[in-house]
Amino acid sequence: MRIFDPHIHMTSRTTDDYERMHAAGVRAVVEPAFWLGQPRTNVGSFTDYFDALVGWERFRAAQFGITHHCTIALNPKEANDPRCVGVLDVLERYLGKDGVVAVGEIGFDSMGEAEEEAFRRQLALAVEFALPAMVHTPHRDKEGGTARTLELVEESGIDPGMVVVDHLNELTVGPVDERGCWMGFSIYPDTKMDPQRMVRILQDRGTERVLVNSAADWGRSDPLLTRVTADAMLAAGFSDDDVDTVMWRNPVEFFGQSGRLLLDGESDGADLRSPATFEGNSVLRGEPVA
Ligand SMILES: [Zn+2]
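Position 262 of the sequence shown, counted from 1, bears residue number 262 in my numbering, the numbering being contiguous throughout.
Structure (structure tokens):
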């Protein structure tokens with residue numbers, strides 16, 4: 001079984017996690033840019049983080065046979081902090097880089113005006129750079145947040161097929177499906193969406209335009225819940241081909257729209273040591289750090 005986790009924050013995970021993920025079948029990931037747990041106080045904090053996502057974390061993943069991609073954005077939480085908003089002016093520097101496969105996470109957290117402004121600007125960047133957009137939906141007032149999200153997506157003129165609306169549940173999936181956006185589901189250890197509920201949604205709606213992720217970060221989360229969900233699909237009578245669609249081919253299709261996936265054919269992450277990946281990064285090239 002091959003698994004592509006389309007939303008996982010590896011920066012906050014250990015090498016043990018990389019080993020366990022590889023053993024469970026995970027061969028590719030997308031790491032969306034998000035907050036640091038504690039508030040950032042300046043734009044430089046973002047650029048150091050973005051540099052780590054496009055360089056160091058990709059190298060770290062490659063040590064464990066996992067192909068790492070990322071998405072770049074001002075996240076919804078920090079869109080409310082005037083010290084952070086300036087990062088919107090430097091995003092273009094990153095959106096053209098190899099392995100940057102979407103603009104994200106963008107969207108709503110507490111649904112304030114500043115969040116909406118950052119959301120609009122970044123949807124426009126996705127259109128400008130012909131990149132997919134990864135949209136976070138709020139954990140409070142999820143239905144209202146999802147409805148407003150879909151309005152802004154429509155206003156932006158972005159092709160709905162270039163948008164994944166994430167952290168969905170049984171109540172919010174319908175309108176996202178109707179709009180033609182991709183449907184993202186984050187599987188959590190004990191709250192919100194779990195593997196059995198995910199299987200029921202797949203039984204109801206089928207496997208088309210569905211992405212399943214672990215959304216693992218520093219909080220209580222489990223990077224192997226993609227595999228647990230795949231096993232639950234098989235136990236419920238889905239075929240190996242269905243599992244491969246959800247766990248591999250769907251994320252490849254969605255993020256492949258960026259033209260920037262780093263997968264090598266059927267993918268084993270084998271291409272990761274190509275010179276292009278290491279270009280301009282002395283740490284990745286194994287040179288001593290001055
Ligand atoms: Zn996330």
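Glycine is no exception: its CB is placed at the ideal position from the N, C-alpha and C atoms.
Any non-hydrogen atom of ligand 1 within 6 angstroms of residue i CB
i, result
"A215", "yes"
"F34", "yes"
Rounded distance between the beta-carbons of residue j and residue i, thought under 8 angstroms
i, j, result
"V103", "V30", "About 12 angstroms separates the two Cβ atoms, so there is no contact after all."
"H167", "T137", "5 angstroms"
"P32", "E105", "4 angstroms"
Rounded straight-line distance, which links the Cα of residue j to that of residue i
i, j, result
"P6", "E113", "28 angstroms"
"L74", "D240", "37 angstroms"
"A147", "I66", "35 angstroms"
"T229", "Q196", "7 angstroms"
"E300", "G237", "Since the displayed the chain opens at 1 and closes at 290, residue 300 lies outside it and no answer follows."
"G107", "D264", "31 angstroms"
"D268", "A28", "Any answer about D268 is weak, because its pLDDT of 43 lies below 50 and its placement is not dependable; what the coordinates show is given next. Rounded to whole angstroms, D268 to A28 spans 8 angstroms at the Cα level."
"T149", "Y18", "33 angstroms"
"K77", "D109", "6 angstroms"
"E170", "A79", "28 angstroms"
"F119", "A133", "10 angstroms"
"M1", "P82", "45 angstroms"
"V246", "G145", "25 angstroms"
"V355", "E154", "Limits of the chain in this structure are 1 at one end and 290 at the other, which puts residue 355 out of reach."
"T15", "I158", "37 angstroms"
"H261", "G99", "The question names His, yet the displayed sequence has Leu at residue 261. Looking at the two C-alpha atoms, the distance is approximately 6 angstroms."
"D177", "V164", "10 angstroms"
"D242", "Q257", "21 angstroms"
"R140", "D244", "32 angstroms"
"E266", "Q203", "Residue placement at E266 is flagged as unreliable, the pLDDT there being 46, under the threshold of 50; the coordinate-derived value follows with that caveat. About 27 angstroms."
"W56", "D48", "11 angstroms"
"R93", "G259", "17 angstroms"
"D217", "W35", "10 angstroms"
"A235", "G219", "29 angstroms"
"R227", "K97", "30 angstroms"
"L91", "L131", "13 angstroms"
"N42", "M111", "22 angstroms"
"R209", "P189", "24 angstroms"
"R205", "G44", "43 angstroms"
"M193", "G86", "34 angstroms"
"D231", "E151", "36 angstroms"
"I201", "F46", "36 angstroms"
Beta-carbon proximity of residue i to residue j, cut-off 7 angstroms
i, j, result
"L211", "P251", "yes"
"I72", "L88", "no"
"V199", "M162", "no"
"I187", "S156", "no"
"C84", "R40", "yes"
"A61", "H69", "no"
"I3", "G37", "no"
"F295", "W182", "Within the shown structure, residues of the chain are numbered from 1 to 290, placing residue 295 beyond reach of any answer."
"K142", "T191", "no"
"H22", "F59", "no"
"P160", "G180", "yes"
Check: residue i C-beta below 6 angstroms from any heavy atom of ligand 2
i, result
"E128", "Within the structure as shown, ligand 2 is missing, the only ligands being ligand 1."
Would you call the region 213 to 227 and the region 6 to 14 touching, i.e. three or more CB-CB distances under 8 angstroms?
Three or more Cβ pairs closer than 8 angstroms define a contact, and the region 213 to 227 meets that threshold against the region 6 to 14.
Can at least three beta-carbon pairs, one atom from the region 109 to 125 and one from the region 51 to 62, be found at a separation below 8 angstroms?
Because the criterion of three Cβ pairs below 8 angstroms is not met, the region 109 to 125 and the region 51 to 62 do not touch.
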